[in-house]
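Okay, so here's the structure we're looking at.
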Amino acid sequence: MSTQTSMAQEAAGDPSAAAPSAPAPPEGLFGRGLRLIVSYVRMHPGPFFVSVTGAIVFAFAS
Numbered sequence: 187m188s189t190q191t192s193m194a195q196e197a198a199g200d201p202s203a204a205a206p207s208a209p210a211p212p213e214g215l216f217g218r219g220l221r222l223i224v225s226y227v228r229m230h231p232g233p234f235f236v237s238v239t240g241a242i243v244f245a246f247a248s
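So the sequence shown is residues 187 to 248, counted in the numbering used here.
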């Protein structure tokens, strides 16, 4: 009986009966900024690692 009920709910368009979807991406300003930084690193990983290395050298030198 429960199978028929869930099939009827899906046919009726009940969103609570749908299968759980993937987790939602991070919301808000922090999540948007983090996604932006990750996309830049994926596009140009070399300059990113050079800049991080330079920042580390500067931190130890000062």
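We put the CB at the ideal spot given by N, CA and C, even for glycine. Quantities reported herein were computed from a predicted structural model and do not represent experimental measurements.
Cα separation between residue i and residue j?
i: LEU215; j: VAL236; result: 27 Å
i: VAL238; j: SER248; result: 15 Å
i: ALA241; j: VAL227; result: 16 Å
i: VAL243; j: SER207; result: 44 Å
How far does the alpha helix (DSSP H) with residue i in it extend, from its first residue to its last?
i: PRO233; result: 231-247
To which residues of the same chain is residue i closer than 7 Å at the C-beta, ignoring the five residues directly before and after it?
i: GLY232; result: none
Tell me whether residue i counts as near the ligand FAD, meaning its Cβ is closer than 7 Å to at least one heavy atom of that ligand.
i: SER225; result: Because no ligand of any kind appears in the structure shown, any question about the ligand FAD cannot be addressed here.
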